[in-house]
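Scroll down for the structure; my scribbles are underneath it.
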Amino acid sequence: MSEEPVRITVKPNGPLRVEGHIVLKDADGNEWDLTGKPAISLCRCGLSAKRPFCDGAHGREGWLCNTSPAGNLT
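When you read off a place in the sequence shown, starting at 1, and then add 1, the result is the number in the numbering used here.
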């Protein structure tokens, strides 16, 4: 059985959108219950009150970051 790859999309001026079979653990190894969630958005601005999840604070605060790959990453 082959699983689809996890896909992570860097949203311009926004979160990391993660789609696929996701296992998310904290620094102590505790796992978040993501049952029924085929995708999540992770905060990358550090302003979310629901970290590690995005709550839209980046937009309210005017946070800007347009990250694009500089070339092929291997």
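Ideal Cβ positions, reconstructed from N, Cα and C, are used throughout, including at glycine. Computed from a prediction, not measured in an experiment: that's the story for all the values here.
(request) For the beta strand (DSSP E) containing Ala28, list its first residue and its last residue. (result) First-last for Ala28: undefined, no H or E at that position.
(request) Taking 7 Å as the cut-off, decide whether the C-beta atoms of Trp64 and Cys46 are in contact. (result) Yes, they are a contact pair.
(message) Under DSSP, the beta strand (DSSP E) around Glu20 begins and ends at which residues?
(response) Glu20: member of the beta strand (DSSP E) spanning Leu17 to Glu20, first to last residue.
(request) Quick one: grab the DSSP three-state call for Arg52. (result) Coil, per DSSP.
(message) Quick check on the burial criterion: 16 or more other C-beta atoms within 10 angstroms. Buried or exposed for Pro16?
(response) Counting Cβ neighbours within 10 Å, Pro16 comes out buried, since at least 16 surround it.
(message) According to DSSP, Thr10 sits in a beta bridge with which residue or residues?
(response) In the DSSP output, where bridge partners are listed per residue, Thr10 has Arg18.
(message) Using 8 Å for Cβ pairs, my map puts Pro6 next to Gly30. What's the rounded Cβ distance?
(response) Not quite, the Cβ-Cβ distance comes to about 24 Å (not below 8 Å), so this is no contact.
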